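Protein chains in written order, with the numbering used here: chain A, 256 to 366; chain B, 6 to 119.
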């Protein structure tokens, strides 16, 4: 059974700083997803990573996948307040299978 | 193309009542997933359905919970005799499979049991 762990659970960072959120998973995962959730809102898809070495970037966020280490990272560059949210990673094991989510990282960017 | 729709967005029930949550998938999507999010936690899978079939219900509590996705109409998650521990946000996601595996999430239904 796939298990997904994220760290840190909570991250407070100043605007302009860089930081990385880590996502470890226990068994082979076909795909690795990153989502953003604002308080009281639904999930917004950020990235889908399909293969070893995959790297995707959108604005100040960059996600990567190392399938050998069973590790994905979400790197935040020069954080801004608008990035404050909870970020989840999730994996799946099969074309039509459920998503297994990590516990989430609550990011707070302070001025 | 409208997104995944869920209603109601907020639902308040007293202990012992029934809760019915509805999910209309995106147009052309015939695969529906239900997830539950307890306060301050991640999402947990409950059930995966295709039209008229339950494919995977490994995350569903054994009692009081049921789900369906009829040939016509929305998918329904039904919780009988609700208890305070059922208070959570319930999210539905749909997928157009085969070929496109990505799940698209609805806005969620926030259930409060008083």
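No residue lacks a Cβ here, since even glycine has one placed at the ideal position from N, Cα and C. Keep in mind the model is a prediction, meaning the values are calculated, not measured.
Asked	Found
Closer than 8 angstroms to chain A by CB, residue 108 of chain B	yes
Residue 16 of chain B vs residue 116 of chain B beta-carbon contact at 8 angstroms	yes
Residue-level contact to chain A via CB, residue 91 of chain B, 8 angstroms cutoff	no
Reduced DSSP secondary structure (H/G/I, E/B, other) of residue 90 of chain B	helix
Spatial neighbours of residue 287 of chain A in its chain, beta-carbon cut-off 6 angstroms, leaving aside the 5 residues before and after	304, 320, 327 and 346
Residue 91 of chain B versus residue 330 of chain A: straight-line alpha-carbon distance, rounded	35 angstroms
C-beta contact flag for residue 70 of chain B and residue 84 of chain B at 8 angstroms	yes
Contact with chain B by residue 297 of chain A, beta-carbon distance below 8 angstroms	yes
Segment contact flag, the region 351-364 of chain A with the region 47-59 of chain B, C-beta cutoff 8 angstroms, min 3 pairs	yes
Whole-angstrom distance between residue 35 of chain B and residue 106 of chain B, CA atom to CA atom	12 angstroms
Per DSSP, cross-strand counterpart(s) of residue 313 of chain A	A:316
Cutoff 6 angstroms; reference residue 110 of chain B; Cβ partners in own chain excluding five residues on either side	96 and 98
Helix, strand or coil at residue 36 of chain B [DSSP, three-state]	strand
Partner residues on chain B for residue 358 of chain A, Cβ-Cβ distance less than 8 angstroms	46 and 47
Cβ neighbour criterion (16 or more within 10 Å) applied to residue 20 of chain B	exposed
CB contact check: residue 302 of chain A to chain B, cutoff 8 angstroms	no
Chain A within 8 angstroms of residue 95 of chain B, Cβ atoms only	no
Chain-ordered residues of the region 329-340 of chain A with a beta carbon less than 9 angstroms from chain B	none
Coarse secondary structure for residue 337 of chain A, derived from DSSP in three states	helix
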